[in-house]
Every structure is written in structure tokens, then in C-alpha cells.
Amino acid sequence: MAKYAPVRGVEEPRAVDATDVGERLYVASQWQLMWWRFRKHRLAMAAGAVVALFYLVAIGADFVATTDPSLSDARRSLMPPQRIYLFEGWRFRPHVYAVTGKRDLRTFKRVYTTDPSKKIPVQFFARGFSYTFLGLFPTDRHLLGVGEGYEAAQTLFMLGTDVQGRDLWSRLLFATRISMSIGLVGVALSLFLGILLGGLSGYYGGFVDGLIQRFIEILRSIPTIPLWMGLAAALPRDWSILQIYFAITIIISLVGWTELARVVRGRFLALREEDFIVSARLVGCSQMRIIFVHMVPSFLSHIIAATTLALPAMIISETSLSFLGLGLRPPAVSWGVLLQQAQNVQTVALSPWLMLPAIPVIIAVLAFNFLGDGLRDAADPYGQ
Amino acid sequence: MFGYILRRLLIAMGTVWMISMIAFAIIQLPPGDYVTSYIAQLMATGTLVTQEEAENLRIQYGLHQPLYAQYARWVWLMMQGNFGVSMEWQRPVLEVIGDRLLLTALLAFAAVIFTWILAIPIGIYSAVRQYSIGDYIFTFIGFIGLAVPSFLLALVVMYLTFAYFGASIGGLFSTEYLDAPWSLARVWDLCKHLWVPALILGTAGTAQLVRILRANLLDELRKPYVVTARAKGLSELRTILKYPVRVALNPFISTIGYTLPFLVSGSIIVSIVLSLPTVGPLLLKALIAQDMFLAGTIVLLLGLMTVIGTLISDILLVWIDPRIRLEE
């Protein structure tokens, strides 16, 4: 009489087709449900694509760059962005005009004039400076470059140059690598602290919980920027770039973990009294097993969402510190280091393209926020 | 109620204690101590200092004692109003800071006020006209406001005013009032300059509050008492303003505690970009010159200011929210 009383799990497996939505919902795994819910969030999907693009650029920075980011040339100081012409007559043949710089003897500013008669072809997969792609194999092919017989370092400046004549486009790409990765490292550290302290707080409750919660409350009521400035300024001047990089991430994540700890604690408190945890305890599972096999998987999605939402704050913090000259120091390039050149109004008024590194900061922060919002909604696919 | 205030006071004291430890750490972190830099300064002017004299100086400043004793001494001296001497300025730290701390507090306060003036009407509008074009526009602007760090906003605003109006918006006073003593005219001049940085600083907070107010008000508007009020013939404006808005406004006070540290942080970096005469630029200069007594004191005073502000908002909350007042 299976026809009248279909029992879950005993039922014969059926091919699931797209029209049978109810059936699909019935058999879908938790992660599948989350994915379906996330997919409905169009903005979050788009933001996810943007974030992925940023990380791709970060990984392949040297491939996308046109010139060596540290190559300076006084004769190319503060050159405005070049316009790329896509068509020559009716044919698709991207090119830029050659630019010559001269010093204006009255104002002592360098003035650049374009020479429309000299066209320099712009090509995909052109040859440029040599590097090792992904650290694996050496090559000199780049996504964009100038045609055979020309050198990109002399001719192609898509976003202009800085005071020392370095190509802003290439520097921006390398900065993306550092700024995006510093967010990840910082978040990893915060995650560790957040899960440890939030977990302790939520699992044990009582006195431990009270103590940790008061500590978090105190940390959150301290203004962060002056604190970070003080700590960052105390870093020894003779440290290497790598040391400074890690010191800065540690300083930033010292405060960043509180929000993550709050989320973890909330989840622990909610799960502690759930039936499946109680039964696991009654069956005699060890505490470690309960935490890592039963609890963590069921709130992993929430942690992922909270982590994504914590990333933009990390990026902004690093940018702010470097912008003030207290974070990463040249020759390291991050978005903040690049923006440092746009600090005073005179420079910005004369060469506004130096403010361009602000755009990726804003886009990255927005994308992470939208993605995080979408993930947070999807993290609990059973609601509503 | 007293339990609540007492708990808040205890947390405030804990915070002050932690901030003082951090400030002390900032003073201690750089290599060398006060005497090392003092001697370096004397040497630079041509005065010779013997080893013995240096030792005597160290004893005089208590630098031979263990760290915890130095910390206690530092706190004790501060309680008597002695914050140490700024290395760079050769003047007592408090004198160097002067009324910059007051201006920082004013800036943060003005930002809070601006946040409210903007957020309350926008939040009400967005909730009452949910999914209208205006709601979408404000939501979009709000997202941008949340994403753009205040110093970038300051940079862009500064560039635009410079490029299109030829004016610099930096500073908090007109030139004639720059060093003038405080007077009514100077206060008025300050008010005329203060709103631009306050607006820049308040943008992110405004965006956040609009979202909170909108969500709260939407919850309230669906409740039966609103329907009752409407059924009884109350005008729409009165219905909304008299009850649901009042309930939804509660988080405005309670979030000051969270927004204030954020605003003080932001004010530092915005002040540096706009070169405002607050403690921001002073702190940066002190840190770069390794003038640690000045820097540590500024960090401490900023923290203290934030704690006091938060405490005031907590007490305001008791006054406004009867649920806390009547709590045991």
C-alpha cells in the first residue's frame, strides 16, 4: 500500500525534472537550498562576479599590467591619461598618439603634447616586460601592450603617471593585489579570534560569556583610527615590507574580530538547546565532536556571510592607514599608498587622475557589502 | 535603573583603563625613552651630556623603575593635570593641544546633529513611501554613503569645490578669526565653516540610521494600533508622527554609543585631509615625529571623550526609554 503512505527515504528514487519544483525542494541538500536562494538575489550575484574579477586581477596583476610598476622616469612625470582611439578610419585598429613632454620655462611644469601623426598600435597579448606568470613560468606576454618595435614603458599610459613618472594603470593593478590580499589575511586572523572567543562565550555561557562580552563592549567603544595610527607609527622603521604587511594586518584585525565573535556566539547560543545537539550530548559525544562535527557545519554559512561583510572594513582600514603614511610604505603599493599622492588639494587640482585609485576602493567595498548581504540572506534558507 | 547606570559606569571605567594602557604602550613602544631623545636634542644644540647626568635624568623621571611603576606614576601625574612635555614643541602637552580637543568634540557633535536632521525625515519618507522612486534613490545614495570612506568623500568634495568654485573648504575659521580670542563673532564664523566637514563625516552614519529607522518604522506601521488610530479618523501625518515614529526613534539614542567612536575615528582622518584645527593633524604630526607623549595623550583624551559621550547617551536612554528606567 505504498501508494497511500509514501515514506520518506523508502520511496523509489525518481528522476527530478525542472518542473517538479516542490519535489526538488524536498530532496535538495542544505547547500543547494542556499545556492538557490542566493541566485534569486541578482545584485548579490553581480557583486559576486565583481569580487571574483577583482581577485582574478589580483592574481594576474603582472599579466594585466603594461609596465613594471616601479619603473620611474622623470621625463614622464605627471602625464595625464592617454586616450585610446579604437578605429582608424573604418577599421578596428586601436592605437594611441605619441606624446612628447617639454618643460614650460615660465611655470616649470611639464607640458605634454600629443602628436596625431605618430600612431602607436595597441594590441592584445603583446610583448612587454618579463615576469613569471603565477610564479610558475617566465613569460613576457601581457593582456595589453604596444605593437612590435615600441616599448610600453615609453608610450602607453592609460591612466597617466604619478610624480615620478610611473604608470598609474600598472601600479593600480599591483596595488589591487596587496589591498585585496591584506583584507583576506586580516579577516583570517579576525576569524580565528572571533571563532575562538565567540565560541567560548557562546558554548560555556555564564561567567566566561559575561567577561568576554564586556571585553568586546569595551573594545568597540574605543575610537579605532587614532589607536591604529598610534600602533602603526610605533612599528620599527627598519622592518621589511613583509614584516610591516603582517604587522598592519594584525593591528587591523585586533578590532575587526568583535563582530565575528558576536555572530559566532549568537549561533552557539541558538544551537546549544537544539534537539540534535542535546541528543548528541546524550549519546555521549565528546565536546570537541559536538562542536566541530555537529555545530560548526550548521553555522558555517553564517560565518561565511559575516566574513564577507567584515572584509570591506579591513580594506578601508588599510587604505586609511596607508593614505596617512602610517600603513604600508613604498616600495609596497596598495590603494592607500597610491592615494597618498592625492593628499593635498593643489596636486589633485592639477592632476585629478591621481584620485582614480579611489574608484576600485569604492567598487570593492560596495561589491563585498552586496555579496555579504546576499550571503547572509541565503545563509538561512529555511526562513520564510 | 540604578543597576543599569552603575553597570554602564563600570564599563566606562573599564574602557578608560584599557585606553590608558594602550596610550601608555604607544608612548613606550618606540625604541629609546624620553631621556634618550632629550639628550639627542641637547647634543644637537651643542650641549654635552655625560653618562652620569643621563642616569640622574633617568632617576629624576622614574625611568629606572619597572614598567608597572612607570605606568602608575604616569597615571598619578595625569590626575594632577601633568600630561608631560611635548618633545617637538618644547611645551606642556596640554598647552599644545589647547582648544583643539574642544573643536574635535564640536565636530563630532555637529556630525551627530546633522545625521539626525537628515536621517529622520529621509527614514520616515522611505518607510511611508516604501518602494517608491524616492525610496530607491535614497537607498542607493545610502549604499554609496556606506561604502565611501569619509576621507575619500572629503577628498572628492575638496577637489570639486576647488575645481568649480575656486575656493578651498579647508579650515574651520576665516583668516581674520584664525587666532582671535573666542567671541560671538568667532563662534558664528565657526558655525559657517563647520557644516561642510560635519556633513562629510555624517554621511556614513546617516545612511546607517536611515536603514535602521526605515526597518523599524516598517515594522511599527503594520501593527494594529496604527490601524486603530487611522480608523478613529486621525490625520495621516498625526497617525505616523505621534506613535510609530516615536517608537522607531529609540535606536537613535542607543546607537550614539556605537556611532560616536566611529565618528571620532573619522573626524581624525577627515581633519587631516581638510586641514582642520582639530587634534587629527596634530596626532599625525606627533606620530611621524615620534613625539610620543603628545601622541599618547591625544589618544587617551580622544578615548576619554568618546567614553563620556557614550555615557551621556546611555543616561539619555534611561530618561527616554521607560523600559530601562523601570528595570530592576
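Quick mapping for you: the protein sequence lines, in order, are chains Y and C.
Each number in my numbering comes from the position in the first sequence (counting from 1) with 4 added on.
Each number in my numbering comes from the position in the second sequence (counting from 1) with 65 added on.
Ideal placement from N, C-alpha and C gives every residue a C-beta, glycine not left out.
As the structure is a computational prediction, the values presented were derived from the model and not from experiment.
Exercise. Going along the chain, which unbroken runs of the alpha helix (DSSP H) with 4 or more residues stay wholly within the stretch 309–382 of chain Y?
Worked result: For the stretch 309–382 of chain Y, the continuous alpha helix (DSSP H) assignments of 4+ residues that do not extend past its boundaries occur at 339–343, 349–354, in sequence order.
Problem set entry | Contact residues within the stretch 197–229 of chain Y, judged by C-beta distance below 9 Å to chain C | Within the stretch 197–229 of chain Y, the qualifying residues are ARG218, PHE219, GLU221, ILE222, LEU223, ARG224, SER225, ILE226, PRO227, THR228, ILE229.
Exercise. Using a threshold of 7 Å, is the CB atom of LEU239(Y) nearer than that to any non-hydrogen atom of the ligand MN?
Worked result: This structure simply doesn't include the ligand MN, nor any ligand for that matter.
Problem set entry | Interface residues of chain C facing PHE327(Y) [CB-CB closer than 7 Å] | PHE216, listed in chain order.
For this session: Give the single residue among LEU282(C), ALA170(C), LEU217(C) whose Cα lies nearest to the Cα of ILE185(C).
Result: The option with the nearest alpha carbon to ILE185(C) is LEU282(C).
Exercise. Beta-carbon separation of SER191(C) and ARG251(C) under 8 Å?
Worked result: When the beta-carbon positions are compared, SER191(C) and ARG251(C) stay at least 8 Å from each other.
For this session: Would you mind sorting PHE203(C) into buried or exposed? The rule is 16 or more other CB atoms within 10 Å of its CB.
Result: PHE203(C) is buried by the Cβ-count criterion.
Exercise. Would a check of beta-carbon distances place PRO326(C) closer than 8 Å to chain Y?
Worked result: Interface residue, yes.
Problem set entry | Where the beta strand (DSSP E) through ALA102(Y) begins and ends | First-last of the beta strand (DSSP E) with ALA102(Y): 95–107.
Problem set entry | chain Y contact for TYR224(C) (CB, 8 Å cutoff) | Judged by the 8 Å Cβ criterion, TYR224(C) is in contact with chain Y.
Exercise. In chain Y, which residues lie less than 7 Å from LEU172(C) when you measure between Cβ atoms?
Worked result: Within chain Y, no residue comes near LEU172(C); the closest Cβ sits about 13 Å away, beyond 7 Å.
For this session: Please confirm if GLY368(C) has its CB atom under 8 Å from at least one CB of chain Y.
Result: Yes, its Cβ sits closer than 8 Å to a Cβ of chain Y.
For this session: Check the Cβ of PRO95(C) against every Cβ in chain Y and list those closer than 9 Å, keeping chain order.
Result: Going along chain Y in sequence order, the residues near PRO95(C) (Cβ under 9 Å) are ALA237, ALA238, PRO240.
Exercise. How would you label ALA78(Y), buried or exposed, when you count the other beta carbons within 10 angstroms and need 16 or more for buried?
Worked result: Exposed, by the Cβ-count rule.
Problem set entry | CB of PRO356(Y) within 8 Å of CB of TYR224(C), strictly | Contact flag set, yes.
Exercise. In whole angstroms, what is the alpha-carbon distance linking LEU259(C) and TYR208(Y)?
Worked result: Here the alpha carbon of LEU259(C) sits roughly 49 Å from the alpha carbon of TYR208(Y).
Exercise. What are the residues of the stretch 352–366 of chain C that lie near chain D, defined by any Cβ-Cβ distance shorter than 9 Å?
Worked result: Chain labels in this structure do not include chain D; the protein chains are Y and C.
Exercise. How close, in whole Å, do the beta carbons of ILE222(Y) and GLY368(C) come, if the pair is a contact with beta carbons under 8 Å?
Worked result: Contact doesn't hold; Cβ gap of about 10 Å is too wide.
Exercise. Among all the DSSP beta bridges, which residues are the ones paired with GLN3(Y)?
Worked result: Examination of residue 3(Y) is not possible in this model, given that chain Y is present from 5 through 388 alone.
Exercise. For VAL167(Y), does the three-state DSSP call read helix, strand or coil?
Worked result: Looking at VAL167(Y) - three-state DSSP - the assignment turns out to be coil, as it is neither helix nor strand.
Problem set entry | Neighbour flag for MET144(C) against chain Y, beta carbons, 8 Å | At a cut-off of 8 Å between beta carbons, MET144(C) makes no contact with chain Y.
Exercise. Which of the three DSSP states, helix, strand or coil, is assigned to LYS44(Y)?
Worked result: In this structure, DSSP gives LYS44(Y) a helical state, which the three-state scheme calls helix.
Exercise. Roughly how many angstroms lie between the CA atoms of GLY164(Y) and TRP94(Y), to the nearest whole one?
Worked result: Computed Cα separation, rounded: 27 Å.
For this session: With a cut-off of 8 Å on the beta carbons, I'd call VAL114(C) and MET108(C) a contact; round off their distance for me.
Result: The beta carbons of VAL114(C) and MET108(C) sit about 7 Å from each other, so the pair counts as a contact at 8 Å.
Exercise. Between the stretch 310–321 of chain C and the stretch 361–381 of chain C, do at least 3 Cβ pairs fall closer than 8 Å?
Worked result: With a cut-off of 8 Å on Cβ pairs, the stretch 310–321 of chain C is in contact with the stretch 361–381 of chain C, counting three or more such pairs.
For this session: Check the Cβ of LEU258(Y) against every Cβ in chain C and list those closer than 9 Å, keeping chain order.
Result: Correct list: empty, because the minimum Cβ distance to chain C is about 10 Å.
Exercise. Who are PHE91(Y)'s beta bridge partners in DSSP?
Worked result: DSSP output for PHE91(Y) lists PHE96(Y) as bridge partner(s).
Exercise. Based on the DSSP secondary-structure assignment, which residues constitute the bridge partners of GLN127(Y)?
Worked result: Beta-bridge partners assigned by DSSP to GLN127(Y): GLY149(Y).
Exercise. Just how far apart, CA to CA, sit VAL335(C) and ALA294(C)?
Worked result: Straight-line Cα distance between these residues: approximately 46 Å.
Problem set entry | Alpha-carbon to alpha-carbon, VAL61(Y) and TRP141(C) | Distance between the alpha carbons of TRP141(C) and VAL61(Y): 54 Å.
Problem set entry | Terminal residues of the alpha helix (DSSP H) in which VAL310(C) lies | Here the alpha helix (DSSP H) through VAL310(C) covers 309–313.
Exercise. What's the call for LEU249(C), buried or exposed, on a 16-neighbour Cβ count within 10 Å?
Worked result: Under this definition LEU249(C) is an exposed residue.
For this session: Label ILE187(C) either buried or exposed according to how many other C-beta atoms from any shown protein chain fall within 10 Å of its C-beta, with 16 as the threshold for buried.
Result: Under a 10 Å Cβ-count criterion, ILE187(C) is classified as buried, with 16 or more other Cβ atoms of the shown protein chains found around its own Cβ.
For this session: Pull up the distance between the alpha-carbon of GLY378(Y) and that of ALA48(Y), whole angstroms please.
Result: Rounded to the nearest whole angstrom, the CA to CA distance from GLY378(Y) to ALA48(Y) is 5 Å.
For this session: Mind listing, in chain order, the continuous alpha helix (DSSP H) runs of no fewer than 4 residues lying wholly within the stretch 337–382 of chain C?
Result: The stretch 337–382 of chain C contains these whole alpha helix (DSSP H) runs: 344–353.
Exercise. Considering only residues of the same chain and omitting the five flanking positions on each side of VAL212(Y), which have a CB-CB separation below 7 Å?
Worked result: Hits under 7 Å: LEU204, SER205.
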